[in-house]
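Protein chains in written order, with my numbering: chain A, 12 to 723; chain B, 588 to 745.
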């Protein structure tokens, strides 16, 4: 039996080294003879490259381009889709697309040379917005319709219900780009080690990087070793994007034979990196004469930018979360990801779910307004519960504790009383939102695609090494998994070591994405530890390896998207209270309350930190993180003086609680939670502001200037 | 143009002969190999490159090394050797202030600067004290709690 509950906080294993500044991030690595690289990028959103004129390169300086890819190598990055080119060849699809690398020993000289590279283009009309993409402005550049993907899922009989509906509500909700702003920018170093190539990189998924770039030089995966360096934040921005640095660097080091470092400065990292997908979600919702929602017809479009990368998968998650935490008896959801000439959109905490969850919450608020009831009344009436059928005709397989979570946030926030006393338009408002997040890969992806493995090694001195590809990027995974293994082995966590992965030395436990690492990898690690415990006395040194086992009885058809898209969900409820300045329309947030079901917390302090950070990032998304297209630099708000993220002064301290709800298939009952905590606060904030100014709101972000426009 | 700059670095007198317009950040990282000082924005917005100059907090990406002639510079590498520094670091570790860690050395410097001025700060003073340091992971609450914890544990140190 366990002596103390696993959730009791321990000191994070990486905390002191990080606080004392002794932990090495990628920019802190230096190698003999190391050269530096600067990226040569497209300056136009769409066009044909006519010529590239280089200045005279001094000795020891190189220009690396697609021409340096050796025979047999393919000029592509193998992400989920392999359409992303390592180097643009004849055409460019967006501002900032990689054309080449300038490489050499002096960074100042490289800057100077870069300013003298002269590329001429035959420019073409380009598309930026979802509408321009759908209209194929300038002619389609993906297929004949600019659509990377287009699919529909049906539940019940939507058409029949609409014929007999009492009332029908139509709505259109939009969300904008969001930049990750991991405090550490993207960076990587490539070098040769014997006959192998090594990439040091700030990244979430070292095995993804290896798979993505080995084909550039026509080598097997094993010939490219990826070593993850301490990663200063990622949030999805270091899921596939590190390939965009590592690929050209690999070609450079292959060609030159010396170590080459590429570290983005903040301007580059914000102007020329992937973003959260902007979205447009249209609803047609049927309501019966008792005010119950009986059908929803939903049309979701995500702006995917110039390459598909992982947009199809992001869109799937958006579509599967489009009816929120509600049981809608009949639904149809169509999803499309449209190509535009903007920097590719990619993974960002929530992975497509935040857009549709914001949309459905806001849409329900609008319906509630029309029905003259509080949104909470409309929403709680439709809460999903165990056994309910999902949009993909699967089932909710767990007890849903939303009513308990709701009670907590109501009690703490005083929501019922405040709703009564804050009149609409009184410049005071309180808002509420509900959300969930399906844990791990969709459907049977863990079983069919990922096939995660975990390796544990017992050493002679009695310590145990956890050798996996999963990464610490700030979310606390090293601490969580060490606790899980130590708990199963019944040893002190200090005897378990979990080094940053090196793909030549660890088992591939899958990418560190999709809120899967504690829930899926943690469960395999728990089984591996129990197996090691059983065999502990067999030998002084011992290695055990375990593989993912899919629970029985959760059917899924990936071809038709039918069945249990997710076996377990995390759940959330959030209340936000605001005061709006009647002159400047600046919003002062006066209270934030949340309750979450993460199964069982593996470390309550780590979960607390995730909740706080996720909610503030979500409030930034709604309140201030405005990102517009610019013909000059791709995005207008580049750098941290223009792209505004929350500071310590922008939001008050939060009250957050958990409702324990052990998940049968997770380690010690844990579910995923890193993305869940991002998914809902933006809707609660917008609800509060909307009530305070008595105006419906249809899109985010809503900085003060946008609220001013709403009022006038 | 190349000039000799003499200053005190973590209580030790040092000199460097360099372009006086070189950023202090680059001097610390490239010439003195002090990697605890991080670059995150390069425009004085985020505070990741904070150090103390004559006990006042500065962002080293905005300061040319020529401007510190004769000054005393304290980086995280120096601060962590002091009891005050250790107290803040331990409190950050115990209070859950650290996630990705990239902003944290700068936060520790900001906490030292704040506590030197307000040994027992209110939460409002703490929030103001770290307002120049951006963190994308924590939402700041546990950093505020940890600075309060450092203030309590280090009673009398400041």
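Note that the Cβ used here is the ideal one computed from N, Cα and C, for glycine as well.
Residue 133/A carries a strand assignment under DSSP once its states are collapsed to helix, strand and coil.
Interface flag for residue 708/B against chain A is unset, since no Cβ pair is found closer than 8 Å.
Nearest C-alpha to residue 712/A among 723/A, 500/A and 692/A: 692/A. Taking 8 Å as the CB threshold, residue 731/B lines the interface with chain A.
365/A is the residue among 166/A, 81/A, 365/A and 298/A whose C-alpha sits nearest the C-alpha of residue 632/A. When Cβ pairs closer than 8 Å are counted between the two stretches, the stretch 199-206 of chain A is seen not to touch the stretch 173-188 of chain A, the count staying below three.
The beta carbons of residue 300/A and residue 177/A sit closer together than 8 Å. Annotation for residue 330/A: the continuous alpha helix (DSSP H) segment containing it runs 322-331. Across the structure, residue 423/A and residue 604/A are spaced so that their CA atoms are roughly 7 Å apart. Look at residue 85/A here: in three-state DSSP terms it is coil, with no helix or strand label. If the five residues before and after residue 153/A are omitted, its C-beta is found closer than 7 Å to the C-beta atoms of 159 and 350, all from its own chain and listed in chain order. Between the stretch 19-27 of chain A and the stretch 671-686 of chain B, the count of Cβ pairs shorter than 8 Å is three or higher; the stretches touch.
Scanning its chain for C-beta atoms nearer than 6 Å, with the 5 sequence neighbours on each side dropped, one finds around residue 274/A the residues 38 and 198, in chain order. Closer than 8 Å at the C-beta level to chain B, one finds these residues of the stretch 480-500 of chain A: 484, 485, 486 and 487. Around the CB of residue 673/A, fewer than 16 other CB atoms lie within 10 Å, so the residue is classed as exposed.
In this structure, the straight-line span from the alpha carbon of residue 643/A to that of residue 340/A is close to 48 Å. A Cβ-Cβ separation of about 21 Å leaves residue 449/A out of contact with residue 536/A under the 8 Å criterion. Residues are counted here when their Cβ sits less than 8 Å from a Cβ of chain B; for the stretch 71-84 of chain A the count is zero.
For residue 517/A, the secondary structure class from DSSP, reduced to helix, strand or coil, is coil. Residue burial annotation: residue 61/A is exposed, with fewer than 16 other C-beta atoms found within 10 angstroms of its C-beta.
Using a Cβ-Cβ cut-off of 8 Å, residue 664/B is close to 32 of chain A, given in chain order. Against chain A, the CB of residue 680/B has a partner CB under 8 Å away; the residue lies at that interface. If you draw a 10 Å sphere on the C-beta of residue 608/B, you find fewer than 16 other C-beta atoms in it, and that means exposed.
By the criterion of a C-beta distance shorter than 7 Å, residue 699/A is surrounded in its chain by 440, 441, 442, 587, 588 and 589, once the five residues flanking it on both sides are discounted.
In the structure shown, the three-state DSSP call for residue 604/A is strand.
Judged by DSSP secondary structure, residue 468/A falls within the beta strand (DSSP E) whose first and last residues are 464-469. Interface flag for residue 288/A against chain B is unset, since no Cβ pair is found closer than 8 Å. For the C-beta of residue 608/B, not a single chain A residue is nearer than 7 Å; the gap to the nearest is close to 12 Å. Identification of chain B residues near residue 660/A by a Cβ-Cβ cut-off of 8 Å yields 714, 715 and 718, ordered along the chain.
Between the C-alpha atoms of residue 32/A and residue 333/A there is a straight-line separation of about 43 Å.
By the CB criterion at 8 Å, residue 297/A and residue 209/A fall outside the cutoff. For residue 369/A against residue 247/A, the beta-carbon gap comes to about 17 Å, at or over 8 Å, which does not count as contact. Exposed is the label assigned to residue 472/A, since fewer than 16 other Cβ atoms lie within 10 Å of its Cβ.
Sixteen is the threshold: since fewer than 16 other Cβ atoms of the shown chains lie within 10 Å of the Cβ of residue 119/A, the residue is exposed. By the 16-neighbour rule on beta-carbons within 10 angstroms, residue 292/A is buried.
Per DSSP, residue 588/A lies in no alpha helix (DSSP H); the unbroken beta strand (DSSP E) holding it starts and ends at 580-591.
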